[in-house]
Amino acid sequence: EIKKFESNFSRFIGRNYSVAVSSGTAALEIAIKASGVSKSDEVLIPNFTIISSALAVIRQQAKPILIDCNLNDWNIKIEDIEKNISKKTKAIIITHIYSFPNNMDKILKICKKYNLFIIEDAAEVLGIKYKNKMCGSFGDISTFSFYANKQITTGEGGMVVFSGETEWRRAKAWHDHGHENNPDLPRWEDSRSGSGFNFRMTELQAAVGLAQLEKLSHVVASQVMNRDRLWDAIRDLPGVTPRDVPDGSSETADALVFFVGDQRQARRCRENLLDVGVSTKILPEAVSWHFAGTWTHMPELVEAHGGNLCGDFPRSRALLERAVSLPVTVEMDEGIPSLIRSALVEVLEVPATDADSRA
């Protein structure tokens, strides 16, 4: 089942090589290892991403260098990439954040100029394209997560996709205790050329993944439809501003993200939504786990940024603190859009007559 899942996934993304692994975090760590990043190297990462990005770099004893995010779409601020490249910079992790792709044309041009290895974290954009090319097919190595809240899920699990055979073979051995799976030798006498760890996916997870992959187009289409229903219900509320969609991209639409006036208002939106039985997704409640300016528990990261991580990136912090993210499900009850609107009306101070007419 694992071999089938790897083969079908490679074909879907448009690459020749894949390795199924135990989680999206494991996928990032394997990508860093397979890229050849070493102790003396620096790796550029966005400051708004999953915490695994920094952890994967630190686990290889390399130095993570944070790059600010864009105001319009929250992806990595491309204008700041070159400013942070040094002689020690070996690779860059490009995270497509919150279902929107990065501007890969500009990023590829910079990486080619400086010979940077690209690790494309495509965990949140599985099934969509950037300028007619599948997301996850741009990086030298690309990673995916099959956690419970992703487009397809195996409960836990992930996939690492490769453009080159050398990195694929290195990763395949390393994720399996160093086994090279030599066809001329039984497993208990298998050859090995390096160390490794156990980041294998199970056969049961792979069987689930195969079934899920067949449903991916339906998942994305349903999320887009339900995202539009939610947005139609709240788009006229005062002070609600949508997140920009980058040129040349579509989106998986697993979340509807919008801005309100300030942090206080964003927090009140969350409280009111919880009161009616609706949750939010990461923002505004979980910024501390996804915004690197709060990761002061990582001494390696703090040291890499001069010991004052909390004071860095005030622009990104201010932006994220006034954002609200509504999770979008594949199946959504008919009453959810009006329920969400009613929860937000009080916070955003809509006149009662307008609220009553829309309810």
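Numbering-wise (the working numbering), the sequence shown opens with residue 49 and increments by one.
For glycine and all other residues, C-beta sits at the position ideal for the given N, C-alpha and C.
Exercise. Identify, in the order they occur along the chain, each residue of the same chain with its Cβ nearer than 7 Å to the Cβ of Val350, setting aside the five sequence neighbours on each side.
Key: Counting from 1 along the sequence shown, the entry for residue 350 is found at position 302. Thr344, Leu357.
Quiz item: What three-state label does DSSP hand Met249 in the structure shown?
Solution: The count along the sequence shown starts at 1 and reaches residue 249 at position 201. Annotated three-state conformation of Met249 is coil, per DSSP.
Self-check item: Residue range of the alpha helix (DSSP H) that includes Asp280
Solution: In the sequence shown, residue 280 corresponds to position 232, counting from 1. Annotation: the continuous alpha helix (DSSP H) that includes Asp280 extends over 264-282.
Practice problem: Could you check if Ala334 is buried or exposed, using at least 16 other CB atoms within 10 Å of its CB as the buried criterion? | Solution: Locating residue 334 in the sequence shown gives position 286, where the first residue counts as 1. Burial call: exposed.
Quiz item: Mapping DSSP to helix, strand and coil, what is Val372?
Solution: As a position in the sequence shown, residue 372 is number 324, starting the count at 1. When DSSP states are grouped into helix, strand and coil, Val372 belongs to the strand group.
Self-check item: Close beta carbons around Thr191, own chain, < 6 Å, minus the five adjacent residues each side
Solution: For the purposes of this step, residue 191 is taken as residue 143 along the sequence shown, with counting starting at 1. So the list reads Ala75, Leu76, Ala79, Asp169, Val208, once near-sequence residues are dropped.
Quiz item: Does DSSP put Pro399 in a helix, a strand or coil?
Solution: Counting from one through the sequence shown, the residue named residue 399 turns up at place 351. Residue placement at Pro399 is flagged as unreliable, the pLDDT there being 49, under the threshold of 50; a coordinate-derived value is accordingly withheld.
Practice problem: Examine the Cβ distances between the segment 283-298 and the segment 87-97 and report whether three or more of them are shorter than 8 Å. | Solution: Inter-segment contact for the segment 283-298 and the segment 87-97 is absent: fewer than three beta-carbon pairs are separated by less than 8 Å.
Quiz item: So Val173 is in the beta strand (DSSP E); what residue range does that whole segment cover?
Solution: The residue labelled residue 173 in the question sits at position 125 within the sequence shown. Careful: Val173 lies outside any beta strand (DSSP E) and carries neither H nor E.
Quiz item: Are three or more beta carbon pairs between the segment 264-275 and the segment 372-382 nearer than 8 Å?
Solution: Using a C-beta cut-off of 8 Å, the segment 264-275 makes contact with the segment 372-382, since at least three inter-stretch Cβ pairs fall below that distance.
Self-check item: Nearest-angstrom Cα separation, counted from Lys136 out to Lys161
Solution: Counted from its first residue, the sequence shown places residue 161 at position 113. Counted from its first residue, the sequence shown places residue 136 at position 88. Rounded to the nearest angstrom, the gap between the Cα atoms of Lys161 and Lys136 is 15 Å.
Quiz item: Do the segment 303-319 and the segment 52-67 meet, that is, are 3 or more Cβ pairs less than 8 Å apart?
Solution: Verdict: no, contact absent.
Exercise. Could you check the C-alpha separation between Leu264 and Lys177 for me, to the nearest Å?
Key: Here residue 264 is taken as the residue at index 216 of the sequence shown, counted from 1. Here residue 177 is taken as the residue at index 129 of the sequence shown, counted from 1. Take the alpha-carbon of Leu264 and the one of Lys177: they are about 13 Å apart.
Quiz item: Considering only residues of the same chain and omitting the five flanking positions on each side of Thr328, which have a CB-CB separation below 7 Å?
Solution: Counted from its first residue, the sequence shown places residue 328 at position 280. Only Arg318, Leu321, Val372, Ser373, Leu374 meet the Cβ criterion.
Self-check item: Cα-Cα separation between Asn229 and Asn197, rounded to whole angstroms
Solution: In the sequence shown, the residue the question calls residue 229 occupies position 181. In the sequence shown, the residue the question calls residue 197 occupies position 149. Near 33 Å, if we compare the C-alpha coordinates of Asn197 and Asn229.
Practice problem: Alpha carbon to alpha carbon, how far is Ile98 from Trp337? Give it in angstroms, no decimals. | Solution: Your numbering for residue 337 matches position 289 in the sequence shown. Your numbering for residue 98 matches position 50 in the sequence shown. Near 7 Å, if we compare the C-alpha coordinates of Ile98 and Trp337.
Quiz item: Can you tell me whether DSSP reads Cys317 as helix, strand or coil?
Solution: Counted from its first residue, the sequence shown places residue 317 at position 269. Here Cys317 sits in helix by DSSP.
Self-check item: Proximity below 8 Å, CB of Ala391 to CB of Val324
Solution: On the sequence shown, position 343 is the one that residue 391 refers to. On the sequence shown, position 276 is the one that residue 324 refers to. Against a cut-off of 8 Å, the Cβ pair of Val324 and Ala391 comes out as a contact.
Quiz item: Is Asn132 closer than 8 Å to Asn150 when the C-beta atoms are compared?
Solution: For the purposes of this step, residue 150 is taken as residue 102 along the sequence shown, with counting starting at 1. For the purposes of this step, residue 132 is taken as residue 84 along the sequence shown, with counting starting at 1. No.
Self-check item: Ala82 to Gln109 span [Cα, whole Å]
Solution: Reading the sequence shown from its first residue, position 34 is the one you call residue 82. Reading the sequence shown from its first residue, position 61 is the one you call residue 109. Ala82 and Gln109: Cα-Cα distance of roughly 14 Å.
Practice problem: Give me whichever residues DSSP pairs with Met182 in a beta bridge. | Solution: Numbered from 1 along the sequence shown, position 134 holds the residue referred to as residue 182. DSSP lists Lys177 as the bridge partner or partners of Met182.
Quiz item: At which residues does the alpha helix (DSSP H) containing Leu156 begin and terminate?
Solution: Counting from one through the sequence shown, the residue named residue 156 turns up at place 108. That run of the alpha helix (DSSP H) goes 152-162.
Exercise. Report yes if the CB atom of Ile126 is closer than 8 Å to the CB atom of Leu92, and no otherwise.
Key: Here the question's residue 126 lines up with position 78 in the sequence shown. Here the question's residue 92 lines up with position 44 in the sequence shown. Cβ atoms of Ile126 and Leu92: not closer than 8 Å.
Quiz item: Taking all protein chains shown into account, do 16 or more other C-beta atoms lie within 10 angstroms of the C-beta of Trp236, making it buried, or fewer, making it exposed?
Solution: Counting from 1 along the sequence shown, the entry for residue 236 is found at position 188. Taking all protein chains shown into account, Trp236 has fewer than 16 neighbouring C-beta atoms within 10 Å of its C-beta and is therefore exposed.
Quiz item: Hey, out of Pro362, Trp279, Pro347, whose CA is closest to Gly355's CA?
Solution: As a position in the sequence shown, residue 355 is number 307, starting the count at 1. If we check each option's Cα against that of Gly355, Pro347 comes out closest.
Quiz item: Which partner residues of Pro112 appear in the DSSP bridge assignment?
Solution: Within the sequence shown, numbered from 1, the residue matching residue 112 stands at position 64. Among the bridge pairs identified by DSSP, Pro112 is matched with Val91.
Self-check item: C-alpha distance - Pro362 paired with Arg291, whole-angstrom precision
Solution: The residue labelled residue 362 in the question sits at position 314 within the sequence shown. The residue labelled residue 291 in the question sits at position 243 within the sequence shown. Pro362 and Arg291: Cα-Cα distance of roughly 19 Å.
Quiz item: Tell me which same chain residues have a C-beta within less than 7 Å of the C-beta of Ile155, skipping the five on either side of it?
Solution: Stepping through the sequence shown from its first residue, residue 155 is reached at position 107. Excluding residues within five positions, the ones whose Cβ falls inside 7 Å are Ile126, Ile142.
Self-check item: Neighbour-count burial assignment, Glu215, 16 or more Cβ in a 10 Å radius
Solution: Within the sequence shown, residue 215 is the residue found at index 167, counting from 1. By the 10 Å Cβ count, Glu215 comes out buried.
Exercise. Label Ala366 either buried or exposed according to how many other C-beta atoms from any shown protein chain fall within 10 Å of its C-beta, with 16 as the threshold for buried.
Key: Taking the sequence shown and counting its residues from 1, one reaches residue 366 at position 318. Around the beta-carbon of Ala366, fewer than 16 other beta-carbon atoms lie within 10 Å, marking it exposed.
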